[in-house]
Amino acid sequence: MASEKNGTLRTAPAGQGTNTHSRTYLAWLAFAEDKAALFSLVFLLIVALMAAFAPYVSPHDPYEAVNSLRNAPPGSGDFLLGADSNGRDILTRLIYGGRISLVVGFAPTFLAMVISLVLGLTAGYFGGWIDQAIMRTLDVLFAFPLVLLAIAIAGMLNPGVDTEIVAITVVLVPYISRIVRTSTISVTAQPYIEAARAGGAGQWAIVSRYVLPNMISPVIVYTTTLVGLMIVVASGLSFLGLGVQAPAADWGSMVSEGRVVLRKAPHVTVFPGLLIVAVSLAFNYIGDGLRDALDPKAIRR
Amino acid sequence: MSAPLLQVRGLTKHFPVERRSLLRRPEKVLKAVDGIGFDLSRGQTLGLVGESGCGKSTTARLILRLIEPTAGTVTLDGVDVLSAAPEALQRLRREMQLVFQDPLSSLNPRMSVGVNIAEPLRFHGIGTRSEQRERARQMLDIVGLKSRDFDRYPHEFSGGQCQRVAIARALILQPKLVVFDEPVSALDVSIRAQILKLLLRLQQDFGLTYVFISHDLSVIKRICDSIAVMYLGEIVELGGSEQLYRAPQHPYTQALLKAIPAPDPAKRYDELGGLEGDVPSPIDPPPGCRFHTRCPRRMESCALRIPDLRDRGHGQLVACHLYD
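Quick note, the sequences are listed as chains L and P, same order. Okay, so the first sequence: first residue is 1 according to the numbering used here, each after it adds one. Okay, so the second sequence: first residue is 1001 according to the numbering used here, each after it adds one.
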């Protein structure tokens, strides 16, 4: 608030940083205003760090099966969240599973966003037959149900995490490309694009400095909310045996393993399920927070 | 007398209306601008007036070659704008700039106003980053803003201030010609006068040549040396500002001048004589004189023959059969 009147280069003392830096800082302030988003970010960082340092933070070996502790309820021995049907520590497997689930949630959505930015921007900015060629091709993919298409693609490749990432990336591209294209078209119609052309801007400068920065925020928000959903889709692929292979596990395959003993030992299913829900929600809240942070009008309010 | 800075001849823009299919060429065209021409001398201001949809804005974009014309020539300082190759066009863009009607949306909302102003320097690779910023600061000062506003964003400014920023951006390349497309129409009346004053001062200081588009004749009167009145893509009257105001010849110009709200409230509106009907569609303009469907002084020949724009002995060019 204090920076509203005097936060400029000339009057600001040293330490204010360049324009770009203070801009990032102000965007961060706008994000941090949203407590749910801030809390979600902290939560996700903790989950990600635990997954990254799994061997150091896990209480047990993820593959070590203790026969006597099969389906043991939470708190049995030093198994904080209990054991699964093979007598393996659920907490440990959740921590290790995060390595896969977070990657298959994040990597394909990020990859799909990059590909979609190229396709959607090209289609939306140039229009005409280029637009038609790109969008009609994507419509072919769009015609299939998301999960079914992912299964079909994964089925053609060797099962594994790589396959999951490829399959999910491909199915996401038509969805994100549409958002990119629509957003691009509405930005391209703005007078500041014509002003840039009149000023002598080249195509590249227009796209990179005028179109992209003004169209990207809905895309980032939408993509962020997709991460949680993709963790669930990846779980589905693993469930069908197309993704991660036993005895390794992601959260989704842990849910599906537990369904056989759902009545006898619900905790085997419930804990990974809760974690998927929590992480998905966190990504949604972060998406909301980003919406505010990326709006130039929200900054310096 | 030196050659005019801007020469426009037979400028025409037809937009195809029916979608182009594989077998059929488009048949119907929207004649947005239909063969207009004028000269503009250095340091002068030409006003383009007319109702909305008469092709004023299209003309502006054609002159700056933001859209490609169907026919005609535009010569700026002896250089043909419309046939210029990409590199030559890029050089030409330094010489001519455009200021828009809606100041806020003509500025990139994600750039500070300072960066917005400096952008044209960047496009043309003029100076280092710090030189560009320094120049942008000077421009802020020149248009009456404070150089410490550099880092603020467009949405933090009022419409009038944004228009000052847009003017600064247009002038930073030191162009010869600036085209204003309804630059004050979106502004409050009180701000309008300030901006017009600024434009007149800048023209004096930098020896600028203006094309000034407006539908508001009272604005045009203050700022223009000569005026071109447009109707349905054609110029119907072209002449010196004072002459045209004192003795308008074309019935359309007369009607436009009568429609200016008088400062005298005692005059009743219906005494001012408005025009009947709407502007006909430019897709299918009336034959003969395009204005004859609404003209209060139409004659039989008006629907048959197209009047050409020429001097009919009144010191200005008129396209009307009344003076044949």
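Glycine is no exception: its CB is placed at the ideal position from the N, C-alpha and C atoms.
Use the C-beta contact count for residue i: other C-beta atoms within 10 angstroms, 16 or more gives buried, fewer gives exposed.
i       : result
P:D1181 : buried
L:K67   : Residue 67 of chain L is actually Asn in this sequence, not Lys. Per the 10 Å Cβ criterion, exposed.
P:L1171 : buried
L:E194  : buried
P:K1197 : exposed
L:V42   : exposed
P:P1086 : exposed
L:Y56   : exposed
P:D1311 : exposed
P:S1130 : exposed
P:L1217 : buried
L:W251  : buried
L:T92   : buried
P:V1189 : exposed
L:Q132  : exposed
Could you round the C-beta distance between residue i and residue j to whole angstroms and report it? I think they count as a contact, below 8 Å.
i       : j       : result
P:T1058 : P:A1032 : 4 Å
P:T1253 : P:V1279 : With 8 Å as the limit, P:T1253 and P:V1279 do not qualify as a contact, their Cβ atoms being about 15 Å apart.
P:G1037 : P:V1008 : 5 Å
L:N71   : L:K264  : 6 Å
L:M135  : L:R181  : 7 Å
P:C1054 : P:Y1323 : Not quite, the Cβ-Cβ distance comes to about 22 Å (not below 8 Å), so this is no contact.
L:G77   : L:L69   : 7 Å
L:Y222  : L:I176  : 7 Å
P:E1237 : P:Q1316 : 6 Å
P:A1136 : P:I1117 : 4 Å
P:C1289 : P:I1306 : 7 Å
L:R88   : L:P62   : 7 Å
Do we get a CB-CB distance below 8 Å when we pair residue i with the residues of chain L?
i       : result
P:Q1090 : yes
P:R1094 : yes
P:R1135 : no
P:L1066 : yes
P:H1250 : no
P:S1041 : no
P:L1107 : yes
P:I1119 : Reading off the sequence shown, one finds Glu at residue 1119 of chain P, where the question assumed Ile. Closer than 8 Å: yes.
P:F1100 : yes
P:L1309 : no
P:Y1153 : yes
P:R1110 : yes
To the nearest angstrom, how far is it from the Cα of residue i to the Cα of residue j?
i       : j       : result
L:T137  : L:A143  : 10 Å
P:P1296 : L:L119  : 56 Å
L:V232  : L:A154  : 15 Å
L:G98   : L:K297  : 37 Å
P:C1162 : P:P1103 : 5 Å
L:V268  : L:L262  : 7 Å
P:A1303 : P:D1141 : 55 Å
L:T122  : L:A65   : 53 Å
L:R209  : L:F239  : 44 Å
P:A1186 : P:S1241 : 24 Å
P:R1294 : P:P1251 : 10 Å
L:L44   : L:I100  : 14 Å
L:D292  : L:L29   : 10 Å
L:A37   : L:V104  : 22 Å
L:M50   : L:D84   : 20 Å
L:I168  : L:T109  : 8 Å
P:H1014 : P:D1034 : 8 Å
L:A201  : P:P1120 : 7 Å
L:I115  : L:V173  : 7 Å
Taking 8 Å as the CB-CB cut-off, is residue i touching chain P?
i      : result
L:E33  : no
L:R291 : no
L:G199 : yes
L:Y192 : yes
L:A196 : yes
L:Y25  : no
L:A205 : yes
L:P218 : no
L:K264 : no
L:Y210 : yes
Chain A partners of residue i, CB-CB under 7 Å?
i      : result
L:Y125 : The displayed structure is made up of protein chains L and P, and chain A is not among them.
Handout entry: Whole runs of the beta strand (DSSP E) within the segment 1197-1276 of chain P, excluding any shorter than 3 residues
Key = Listed in chain order, the beta strand (DSSP E) elements of length 3 or more contained wholly in the segment 1197-1276 of chain P are 1209-1214, 1226-1231, 1234-1240.
Handout entry: Runs of alpha helix (DSSP H) lying entirely within the segment 101-175 of chain L, each at least 4 residues, in chain order
Key = As far as the segment 101-175 of chain L is concerned, its whole alpha helix (DSSP H) runs of at least 4 residues are 128-142, 146-156.
Problem - Those runs of the beta strand (DSSP E) which lie wholly inside the segment 1150-1206 of chain P and span at least 3 residues - result: Counting whole runs of 3 or more residues, the segment 1150-1206 of chain P contains the beta strand (DSSP E) stretches 1177-1181.
Handout entry: Complete runs of the alpha helix (DSSP H) confined to the segment 1060-1108 of chain P [at least 4 residues]
Key = For the segment 1060-1108 of chain P, whole alpha helix (DSSP H) runs of length 4 or above, ordered along the chain, are 1086-1093.
Handout entry: Complete runs of the alpha helix (DSSP H) confined to the segment 176-239 of chain L [at least 4 residues]
Key = Segments of the alpha helix (DSSP H) lying fully in the segment 176-239 of chain L: 191-199, 212-239.
Handout entry: In chain order, each alpha helix (DSSP H) run of at least 4 residues that lies wholly inside the segment 32-115 of chain L
Key = You should have 35-52, 54-57.
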